[in-house]
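See below for the structure under consideration.
Residue numbers (my numbering): 316 to 952.
See below:
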């Protein structure tokens, strides 16, 4: 099908997953990629972080509204054009006006925005914006110097007059800059924290803006994509799932990452509240806080759909919290998608963090066990490219991923997919020279700044970057490269630049289809190759784990009983913790123990068959893809 067609894609028979990286305005690359994939695939699992979370939510909503008259991928395809359009009489595109500062942070916001784009005029733009935003302080600071110069003009003459005027003007500039800087500092340190640690809340600012603010616009846009009225109740995760049961199969599964700064770790959204993980039940919100972050229709929905208390004790406790203004979060199925998106997209200092409330049960005294704020900020702080989402040892359908990287020194900005099994997607961070022009030497200050930035980048992305190098991952990751004027914090990109970014996303999506769906690409990295790589890599990882399991079972230390004998000979009342349980169908705990014994015995037999030389063949790891993957126990996130 022609990639420029605006016809809604027919419902394909193939399935795929999609994961997208964060990048603020870089997210304009994603709609085109999703629409190209939608021509050949139905989306089953969609995930992302930060701007990638917006794109993931939009893709999931479009899948939900596929075939509707006004929504679906037909509407999603027009999104880049809307972002690039300028409201009537406005100097900047709609994308710029998504970020509207509150009155108390507007001067700082305008000063920071003036620096966007860099160039030789950046300093002048910042100075002019500072003078405009902090004009009372500039005027107050300049007054003594200007008064001195005026006095000299009336009283002095000759060379002395010239010196006095220069001294007065210098004093005026010095004091004006000092007071403006002091006012900037006070506004940053006082107003930004009180604005939930951000310049913009995502709602409308205090002034008159020609464009729509991010959160109200996105709330209505997701509804429209899903085939409903923009003013209707907000789209929820249950609407996408097609079920209220968190453990049941889902028609469309949407997940995104956020970072809880108070807990120092990432959370996957929506919070889990099922048989394995109980995260959602701990959190509450305050309506007066959420009214500053979300449209009224969203806050009303949250207040009207609190989760049910788990027992009478919880009912009494939550009734007390309610009287104090704290509402339980809804069940995951009733959580509006826009709330999760906003919690994932809270780019530090630009967009306000989202406060929830929970109790720290590690506090010793009961009086200290009260609801405290838990601050949720950008998911990219902990995992900006959650390529591990939806992974399976042996996939039934492909999970495509799109990441973002700086411009390569030898190639124009475009997109990149590996050309063979040994090719990688590792992106170098260069900070000694200009990353786009390696022959250009940069200043020592710029090198030091780049060095510190590279440290932060490694701290933030090492896990995602390491996983992206693995066989079975790297062949399904498209790297879209950006110049320094594209994406990121470039809020005022012109239409031509936005269109170029969108075209790169469309190109990446079309290449995925050509490789994995239609097999029309000359590349050998197609769906059969991907399945085979995952099979070889998965078996090699399983072999290593089974051999380690057998070694631990066969050779315990310090007179520890062997694991299999320990299970068999120990009564349920004598186990250290986590006793065996009955199945609830009339059985007893011994049935679960017998299942555990049989499972361990089967695994040991498999491991024994894998021992070098036993089967008369080379180990499964021989000739398997490199670098090697490993299976390890880690918490569910």
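Note that CB positions come from ideal geometry on N, CA and C, so glycine has one too. All values reported here derive from a predicted model rather than from experimental measurement.
- Between the CA atoms of residue 371 and residue 759 - distance to the nearest angstrom: Translated into the one-based positions of the chain shown, residue 759 becomes position 444. Translated into the one-based positions of the chain shown, residue 371 becomes position 56. Taking the straight line joining both Cα atoms gives about 40 Å.
- Task: In the DSSP assignment, find the beta strand (DSSP E) that holds residue 657 and state where it starts and stops.
- Result: Translated into the one-based positions of the chain shown, residue 657 becomes position 342. Where residue 657 is concerned, there is no enclosing beta strand (DSSP E), although the alpha helix (DSSP H) around it starts and stops at 652–659.
- Which residue's Cα is closest to the Cα of residue 455: 427, 439, 438 and 487? Looking up residue 455 in the chain shown gives position 140. The shortest C-alpha separation from residue 455 is found at 487.
- Using a Cβ-Cβ distance under 8 Å, would residue 550 count as near chain B? Protein chain content of the structure displayed is limited to a single chain, and chain B is not contained in it.
- Residues near residue 375 by beta carbon distance below 6 Å, same chain, minus five either side: Stepping through the chain shown from its first residue, residue 375 is reached at position 60. Excluding residues within five positions, the ones whose Cβ falls inside 6 Å are 361, 555, 567 and 569.
- Task: List the whole-angstrom C-beta distance separating residue 329 from residue 832, where the pair is believed to meet the contact cut-off of C-beta under 8 Å.
- Result: Locating residue 329 in the chain shown gives position 14, counting from the first residue. Locating residue 832 in the chain shown gives position 517, counting from the first residue. Indeed they touch by this definition, with Cβ atoms about 6 Å apart.
- Query: Nearest-angstrom Cα distance between residue 332 and residue 827?
  - Reply: Within the chain shown, numbered from 1, the residue matching residue 332 stands at position 17. Within the chain shown, numbered from 1, the residue matching residue 827 stands at position 512. Rounded to whole angstroms, residue 332 to residue 827 spans 12 Å at the Cα level.
- Task: Could you spell out the range, first to last residue, of the alpha helix (DSSP H) harbouring residue 637?
- Result: Counted from its first residue, the chain shown places residue 637 at position 322. 627–638 is the extent of the alpha helix (DSSP H) around residue 637.
- Item | First and last residue of the uninterrupted beta strand (DSSP E) at residue 350 | To locate residue 350, count along the chain shown from 1; it is residue 35. That residue, residue 350, is in no beta strand (DSSP E); its alpha helix (DSSP H) goes 345–353.
- Does the beta-carbon of residue 774 have 16 or more other beta-carbons within 10 angstroms, so that it is buried, or is it exposed? Counting from 1 along the chain shown, the entry for residue 774 is found at position 459. Exposed is the call here.
- Is the segment 812–828 in contact with the segment 339–353, if contact means three or more CB pairs nearer than 8 Å? yes
- C-beta contact flag for residue 934 and residue 786 at 8 Å: Taking the first residue of the chain shown as 1, we reach residue 934 at position 619. Taking the first residue of the chain shown as 1, we reach residue 786 at position 471. Result no, Cβ atoms of residue 934 and residue 786 do not sit closer than 8 Å.
- Query: Given 8 Å as the limit, is there contact between the segment 333–345 and the segment 538–553, that is, 3 or more CB pairs closer than that?
  - Reply: In short, these stretches do not touch, since the Cβ pair count stays below three.
- Rounded distance between the beta-carbons of residue 672 and residue 689, thought under 8 Å: One-based indexing of the chain shown puts residue 689 at position 374. One-based indexing of the chain shown puts residue 672 at position 357. Yes, residue 689 and residue 672 are in contact; Cβ-Cβ is about 7 Å, under 8 Å.
- Where DSSP assigns a beta bridge to residue 360, which residues make up the other side? Taking the chain shown and counting its residues from 1, one reaches residue 360 at position 45. Per DSSP, 332 and 568.
- Message: By the three-class DSSP mapping on this structure, what secondary structure does residue 936 have?
- Response: The sequence position of residue 936 within the chain shown is 621, counting from 1. Here residue 936 sits in coil by DSSP.
- Query: Which residue or residues does DSSP assign as beta-bridge partners of residue 756?
  - Reply: Working through the chain shown from its first residue, we reach residue 756 at position 441. Partner(s): 748.
- Message: Spatial neighbours of residue 418 within its chain, please: C-beta separation below 8 Å, excluding the five flanking residues on both sides.
- Response: Translated into the one-based positions of the chain shown, residue 418 becomes position 103. Result list for residue 418: 520, 521 and 522, in chain order.
- Which value, in whole angstroms, describes the spacing of the CA atoms of residue 550 and residue 532? Residue 550 sits at position 235 when you count from the first residue of the chain shown. Residue 532 sits at position 217 when you count from the first residue of the chain shown. Taking the straight line from one Cα to the other gives about 13 Å.
- Validate contact between the segment 582–595 and the segment 646–662 using beta carbons, cut 8 Å, 3 pairs: yes
- Coil, strand or helix - residue 687 by DSSP: As a working note, residue 687 is residue 372 in the chain shown. Under the three-state reduction of DSSP output, residue 687 falls in the strand class.
- Message: With H, G and I counted as helix, E and B as strand and the rest as coil, what does DSSP make of residue 692?
- Response: The count along the chain shown starts at 1 and reaches residue 692 at position 377. Residue state, collapsed to three classes: strand.
- Message: DSSP three-state label for residue 587, please.
- Response: Start at 1 with the first residue of the chain shown, and residue 587 comes out as number 272. Reduced to three states, the DSSP call for residue 587 is coil.
- One or two residues paired with residue 580 in a DSSP bridge: Numbered from 1 along the chain shown, position 265 holds the residue referred to as residue 580. Bridge partners of residue 580: 575.
- Message: Quick check on residue 409: buried or exposed, where buried means 16 or more other Cβ atoms within 10 Å of its Cβ?
- Response: Here residue 409 refers to the residue found at position 94 of the chain shown. Result: buried.
- Could you tell me which uninterrupted alpha helix (DSSP H) segments, each at least 4 residues in length, are contained entirely in the segment 470–528, listed from first to last along the chain? 473–501
- Message: If we require 3 or more residues per run, which beta strand (DSSP E) segments fall completely within the segment 694–746?
- Response: With a minimum length of 3 residues, the unbroken runs of beta strand (DSSP E) contained wholly in the segment 694–746 fall at 714–721.
- Item | Where residue 679 falls: helix, strand or coil (DSSP) | Residue numbering aside, residue 679 sits at position 364 when the chain shown is read from its first letter. Reduced to three states, the DSSP call for residue 679 is coil.
- Query: Using the C-alpha atoms, what's the distance from residue 462 back to residue 694?
  - Reply: Position 379 of the chain shown, counted from the first residue, corresponds to residue 694. Position 147 of the chain shown, counted from the first residue, corresponds to residue 462. Rounded to whole angstroms, residue 694 to residue 462 spans 52 Å at the Cα level.
- Tell me whether residue 316 sits in a helix, a strand or coil according to DSSP, three-state version. Taking the chain shown and counting its residues from 1, the one referred to as residue 316 is at position 1. Bear in mind that a pLDDT of 35 at residue 316, under 50, signals an unreliable position, so the model cannot answer this.
- residue 919 lies in the alpha helix (DSSP H); which residues open and close that run? As a working note, residue 919 is residue 604 in the chain shown. Where residue 919 is concerned, the enclosing alpha helix (DSSP H) stretches over 904–925.
- Task: For residue 509, count neighbouring Cβ atoms within 10 angstroms of its own Cβ and tell me buried if that reaches 16, exposed if not.
- Result: For the purposes of this step, residue 509 is taken as residue 194 along the chain shown, with counting starting at 1. Burial call: exposed.
- Considering only residues of the same chain and omitting the five flanking positions on each side of residue 325, which have a CB-CB separation below 8 Å? Walking along the chain shown from the start, residue 325 turns up at place 10. Result list for residue 325: empty, nothing under 8 Å.
- Query: Taking C-alpha atoms, which residue in 404, 483, 494 and 413 lies nearest to residue 446?
  - Reply: To locate residue 446, count along the chain shown from 1; it is residue 131. Among 404, 483, 494 and 413, the Cα nearest to that of residue 446 belongs to 494.
- Query: So what's residue 893 in DSSP terms, helix, strand or just coil?
  - Reply: As a position in the chain shown, residue 893 is number 578, starting the count at 1. Three-state DSSP puts residue 893 in coil, outside helix and strand.
- Message: Let's see if you can read the secondary structure: which residues bound the beta strand (DSSP E) around residue 339?
- Response: Stepping through the chain shown from its first residue, residue 339 is reached at position 24. No beta strand (DSSP E) contains residue 339, which DSSP labels as neither H nor E.
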